[in-house]
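**Q** Line by line, the protein sequences give chains A and B.
Heads up: the first sequence runs through residues 1 to 113, numbered per our numbering.
Heads up: the second sequence runs through residues 1 to 111, numbered per our numbering.
Where is the CB? At the ideal position from N, CA and C, for every residue including glycine.
What follows is a structure written as structure tokens; I'll ask about it next.
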Amino acid sequence: NAGVTQTPKFQVLKTGQSMTLQCAQDMNHNSMYWYRQDPGMGLRLIYYSASEGTTDKGEVPNGYNVSRLNKREFSLRLESAAPSQTSVYFCASSEGAGPYGYTFGSGTRLTVV
Amino acid sequence: QKEVEQNSGPLSVPEGAIASLNCTYSDRGSQSFFWYRQYSGKSPELIMSIYSNGDKEDGRFTAQLNKASQYVSLLIRDSQPSDSATYLCAGNTGTASKLTFGTGTRLQVTL
Numbered sequence: 001n002a003g004v005t006q007t008p009k010f011q012v013l014k015t016g017q018s019m020t021l022q023c024a025q026d027m028n029h030n031s032m033y034w035y036r037q038d039p040g041m042g043l044r045l046i047y048y049s050a051s052e053g054t055t056d057k058g059e060v061p062n063g064y065n066v067s068r069l070n071k072r073e074f075s076l077r078l079e080s081a082a083p084s085q086t087s088v089y090f091c092a093s094s095e096g097a098g099p100y101g102y103t104f105g106s107g108t109r110l111t112v113v
Numbered sequence: 001q002k003e004v005e006q007n008s009g010p011l012s013v014p015e016g017a018i019a020s021l022n023c024t025y026s027d028r029g030s031q032s033f034f035w036y037r038q039y040s041g042k043s044p045e046l047i048m049s050i051y052s053n054g055d056k057e058d059g060r061f062t063a064q065l066n067k068a069s070q071y072v073s074l075l076i077r078d079s080q081p082s083d084s085a086t087y088l089c090a091g092n093t094g095t096a097s098k099l100t101f102g103t104g105t106r107l108q109v110t111l
């Protein structure tokens, strides 16, 4: 099915470990996003890529890095995981600037112990 | 203060009734608004978008936008138990390609 694919779906890390969350879309969308969702906080933007070759910080970028590998793929890296990064992470894509909504991936549930 | 505000609920309505969900926003430059439905443990799913003042209808759903008062609403007619979910309001505040989300309103449709 067309859409946004995220891997892995679940992950447990120890404090200080690193990992990369992968995201790929097959809708030829220009823009891609990484959000985290925490109870009572809603969806908060970590990083986004308005178009291939560009990335920008969102609301909560500290502790994360991103790579827009090509038009399809946008990865999120945690270099040294902390318990505060325990969350559900969603990747999303859209056609870009304008009246376009997002298509979300199925999410990654990350626990840092 | 968040740029997009929603009452967290829960909003409880009986089956067959109209559910009314509301959202306010602070950035007058916002142009497009979206309603997402999120079932527990699942990802958000786009159900409605609205860009112009007034009403937009799609099946049992009606989105309403009032830019002068800076509010957006979603009406769900003939509510069904399957409509029980959290509804997220989002607007393209700031950079046009980014969306800012409210914290969501949990809707419970009771039998």
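Can you list the beta strand (DSSP E) stretches of 3 or more residues lying completely in the segment 31–91 of chain B, in chain order?
**A** Listed in chain order, they are 33–38, 45–50, 54–58, 61–66, 71–76, 85–91.
**Q** Among residues of its own chain, excluding the 5 on either side of A:S80, which ones have a beta-carbon nearer than 7 Å to its beta-carbon?
**A** Cβ within range, chain order: G16, S18.
**Q** Could you name the residues that DSSP lists as bridge partners for A:M19?
**A** Paired residue(s): A:L78.
**Q** Taking the Cβ atom as the reference point for each residue, do A:R109 and A:K9 lie within a distance shorter than 8 Å?
**A** Contact flag set, yes.
**Q** Let me know the secondary structure DSSP gives A:S87 once reduced to three states.
**A** Three-state DSSP puts A:S87 in a strand.
**Q** On the DSSP letters alone, give me the boundaries of the beta strand (DSSP E) that A:D38 sits inside.
**A** 31–38 is the extent of the beta strand (DSSP E) around A:D38.
**Q** Relative to the C-alpha of A:F90, which candidate in A:A2, A:L45, A:D26 has its C-alpha closest?
**A** The shortest Cα separation from A:F90 among A:A2, A:L45, A:D26 belongs to A:L45.
**Q** Should A:G63 and A:A50 be called a contact, given that it needs their Cβ atoms to be closer than 8 Å?
**A** No. Outside cutoff.
**Q** Out of A:A2, A:V12, A:S31, which one is the CA nearest neighbour of A:S75?
**A** It is A:S31.
**Q** What is the C-beta distance between B:A19 and B:L107, in whole angstroms, given that I count them as a contact (C-beta under 8 Å)?
**A** Rounded, the Cβ-Cβ distance is 6 Å, consistent with contact.
**Q** Under 8 Å, do B:Y87 and B:G59 count as touching if we go by C-beta distance?
**A** No.
**Q** A:Y102 by DSSP, collapsed to three states: which one?
**A** Three-state DSSP puts A:Y102 in coil, outside helix and strand.
**Q** From this set, B:P44, B:N53, B:S97, which residue's C-alpha is nearest A:G58's C-alpha?
**A** Comparing Cα-Cα distances from A:G58 to each of B:P44, B:N53, B:S97, the minimum goes to B:S97.
**Q** Assuming A:T26 contacts A:S87 under a Cβ cut-off of 8 Å, what Cβ separation, rounded to an integer in Å, is found between them?
**A** Here residue 26 of chain A is Asp; the residue named in the question, Thr, does not match the sequence. The pair is not a contact, with the Cβ atoms about 26 Å apart (cut-off 8 Å).
**Q** So B:T103 contacts chain A; which residues on that side make the cut at Cβ distance below 8 Å?
**A** Going along chain A in sequence order, the residues near B:T103 (Cβ under 8 Å) are G40, M41, G42.
**Q** Contact criterion: CB-CB distance below 8 Å. Does A:G101 meet it with respect to chain B?
**A** It does: the Cβ of A:G101 has a partner Cβ on chain B nearer than 8 Å.
**Q** Distance check for A:A97 and B:I50, CA to CA, integer angstroms please.
**A** Those two C-alpha atoms are separated by around 15 Å.
**Q** Need the endpoints of the beta strand (DSSP E) that B:E5 sits in, please.
**A** Segment 4–6, the beta strand (DSSP E) holding B:E5.
**Q** When you compare only the Cα positions, how much space is there between B:Q6 and A:D56?
**A** Near 27 Å, if we compare the C-alpha coordinates of A:D56 and B:Q6.
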